[in-house]
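All remarks here apply to the structure that follows.
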């Protein structure tokens with residue numbers, strides 16, 4: 002019972018440790034010193050996992066429930082990442098054990114300084130030992146799940162199922178209830194379809210391995226990491242194993258398996274469009290709906306750009322600057338002040354550019370119709386026109 006009354010100072014200690022750069026770096030050094038294989042990885046790669054595990058330890062200490070009630074996603078993802086990087090499991094566990102041992106030592110030292118009694122500390126140490134054991138089990142589970150997610154055995158079976166479900170013609174039947182059940186899917190279940198930026202083949206396999214420890218079914222389809230999952234993953238669950246940020250992932254609304262085929266095709270289209278825009282992270286398909294619809298009607302977009310912007314030359318940098326200013330004007334609700342703020346310029350400069358656009362094209366953004374359809378037509382014309390001509394555009 003003592004730990005219930007004195008748990009708050011200890012959880013405060015763990016919270017402070019997670020925010021203490023020196024402590025986190027010390028844990029990284031402990032892990033790397035026990036495992037030469039881990040030492041070959043960048044320190045930032047190990048540091049991100051250390052931070053997640055300390056934060057999870059705080060949550061563990063404040064929850065009296067059993068292991069099955071706690072979220073060990075950080076440990077699962079640690080195991081998956083190390084499997085994808087080819088680090089032997091024994092080397093991974095040596096590093097984990099060294100870091101966890103140092104966590105206990107620092108927690109005891111700081112808790113004593115905070116006035117926590119030895120009797121309470123004993124309970125805390127036992128609780129942290131239980132946490133450490135659970136972390137090790139989940140690291141192993143994540144490692145093994147990632148191994149099975151490679152294009153062999155069960156991983157290949159999942160990839161075949163995903164290909165049949167998502168890429169065959171609309172007239173082809175979806176896999177049977179039994180086939181879906183073998184891979185953990187329900188015929189009437191509702192799933193998000195995720196399609197990720199593949200990068201190179203090694204990157205695609207590594208990202209698929211990371212995803213494979215999350216709820217759902219994942220594999221490589223047409224060279225892209227693809228998955229079906231009941232919930233959208235968080236950004237931290239998709240952080241790339243190589244430490245270069247978060248891959249672009251387009252996620253469909255939830256749907257039953259027989260309705261996912263068309264959504265998959267739209268996700269692939271969204272991935273292409275989002276990639277051109279330099280987007281990163283998880284993006285819902287509906288956020289890209291307008292751009293997808295317009296991109297698939299290029300002839301109409303070209304006709305609109307010819308009507309509204311026929312007097313402009315795509316190879317002229319000043320003309321492109323005018324078009325970019327007009328696009329910012331639309332995105333800012335047709336407000337000169339907001340447009341100027343967005344472009345880091347003066348409202349009079351915006352007014353001048355819009356006037357020049359009117360003079361060159363014969364169409365006016367400020368004096369013409371300003372309803373929803375007129376705005377849509379202008380936006381479509383501008384984005385289509387800006388996608389033509391030179392590859393690089395000037396800063397407005």
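In the numbering used here, the protein residues as written are 2 to 397. Glycine included, C-beta positions come from ideal geometry on N, C-alpha and C. These numbers come from a predicted model, not from an experiment.
If you ignore the 5 residues before and after residue 144, its C-beta comes within less than 6 Å of the C-beta of 80, 84, 90, all in its own chain and listed in chain order.
Within its own chain, the residues whose Cβ lies closer than 8 Å to the Cβ of residue 261, once the five positions on either side in sequence are excluded, are 166, 167, 192, 194, 229, 253, listed in chain order.
By the criterion of at least three beta-carbon pairs nearer than 8 Å, the stretch 302-321 is not in contact with the stretch 275-288. Annotation for residue 193: the continuous beta strand (DSSP E) segment containing it runs 193-197. Membership of residue 283 in any alpha helix (DSSP H) is not indicated; the residue belongs instead to the beta strand (DSSP E) covering 282-285. Residue 302 is positioned such that its CB atom lies no closer than 7 Å to that of residue 361.
Fewer than three pairs of CB atoms, one per stretch, sit closer than 8 Å, so the stretch 326-341 makes no contact with the stretch 267-280. Residue 228 has 195, 219 as its beta-bridge partners, per DSSP.
The DSSP assignment places 261-277 as complete runs of the alpha helix (DSSP H) inside the stretch 255-284, in order along the chain (cut-off: 4 residues). Under DSSP, residue 252 shares a beta bridge with 195, 285.
Between residue 36 and residue 75, the C-beta spacing is not below 7 Å. When DSSP states are grouped into helix, strand and coil, residue 319 belongs to the helix group.
Judged by beta-carbon spacing, residue 109 lies beyond the 7 Å limit of residue 10, meaning their Cβ atoms are not closer than that value. Counting along the chain, the unbroken alpha helix (DSSP H) around residue 107 starts and ends at 90-114. Around the beta-carbon of residue 366, 16 or more other beta-carbon atoms lie within 10 Å, marking it buried. A distance below 7 Å between beta-carbons, with the five flanking residues on each side excluded, links residue 14 to the following residues of its chain, in chain order: 108, 111, 112, 115. In the DSSP assignment, residue 33 falls within the alpha helix (DSSP H) that extends over 22-35.
A residue is called buried when at least 16 other Cβ atoms come within 10 angstroms of its Cβ; residue 374 does not meet this threshold and is exposed. Annotation for residue 306: the continuous alpha helix (DSSP H) segment containing it runs 299-310. Residue 39 and residue 55 have their alpha carbons spaced roughly 19 Å apart. Around the C-beta of residue 336, fewer than 16 other C-beta atoms lie within 10 Å, and the residue is accordingly described as exposed. The beta carbon of residue 314 sits closer than 6 Å to the beta carbons of 320 from its chain, once the five residues preceding and following it are set aside; these are given in chain order.
In terms of Cβ geometry, residue 29 and residue 48 form a close pair [threshold 7 Å].
Judged by their CB atoms, residue 269 and residue 196 are nearer to each other than the 7 Å cut-off.
Non-local C-beta neighbours of residue 27 in its own chain, meaning closer than 7 Å and more than five positions away in sequence, comprise 103, ordered along the chain.
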